[in-house]
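Asks:
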Amino acid sequence: MKKLLLWLGFIVLLGLGIFGFTKLPDANRQSTDPSQQSLTFNSIKTEVTSGSSYLFDVRTPAEFADNHFETSTNYDLQILQSGQMPQLPKDSKIYVYCHSGNRSSQAATILKNYGFTNIVDLGGLTDVQEIGGVLIK
Numbered sequence: 061m062k063k064l065l066l067w068l069g070f071i072v073l074l075g076l077g078i079f080g081f082t083k084l085p086d087a088n089r090q091s092t093d094p095s096q097q098s099l100t101f102n103s104i105k106t107e108v109t110s111g112s113s114y115l116f117d118v119r120t121p122a123e124f125a126d127n128h129f130e131t132s133t134n135y136d137l138q139i140l141q142s143g144q145m146p147q148l149p150k151d152s153k154i155y156v157y158c159h160s161g162n163r164s165s166q167a168a169t170i171l172k173n174y175g176f177t178n179i180v181d182l183g184g185l186t187d188v189q190e191i192g193g194v195l196i197k
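To convert, count from 1 in the sequence shown and add 60; that's our numbering.
Printed below as a string of structure tokens:
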């Protein structure tokens, strides 16, 4: 009987660990999912136009020439990977996007590793379109 109670207790604790604690939000983590931040592309565009933030397209120059979002600046991920950081204050708000979200995630990590503290990873082109961005050529 004692072994049965020990096993039941173990199973209950295991269940709580698997199902209960995996759902707890991380209070220190900021979401980089634009839909969770209630961002709109118009608000980003207003910030960039006023000079209070920056919008970096981290795709290649050729991809940027094909299409990009209004007010964005091309800052190729390879430039960041080489250690050439934008000459901006470290607390500048910088939005980054790419084609699918992979390179923007890498760019956000690199910028944070170099001390930039206000980076928002918008993800890929589709993600930016979902918050109102329109591609221009």
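For each residue, glycine too, the CB sits at the ideal point set by N, CA and C.
Which whole-angstrom value describes the C-beta separation of D117 and N102, a residue pair presumed to lie in contact below a C-beta threshold of 8 Å?
Replies: Their Cβ separation, rounded to whole angstroms, is 18 Å, which puts D117 and N102 out of contact at 8 Å.
Asks: Mind checking whether K153 and E107 have CB atoms under 8 Å apart?
Replies: Contact flag set, yes.
Asks: When burial is assigned at 16 or more other CB atoms within 10 Å of the CB, is A167 buried or exposed?
Replies: So A167 ends up on the buried side.
Asks: Is the beta carbon of G192 less than 8 Å from the beta carbon of S160?
Replies: Against a cut-off of 8 Å, the Cβ pair of S160 and G192 comes out as no contact.
Asks: Can L195 and H128 be called in contact, C-beta distance under 8 Å?
Replies: Going by C-beta atoms, L195 is nearer than 8 Å to H128.
Asks: Starting from N102, trace the alpha helix (DSSP H) both ways and give me its first and last residue.
Replies: Looking at the DSSP string, the run of the alpha helix (DSSP H) that includes N102 is F101 to S110.
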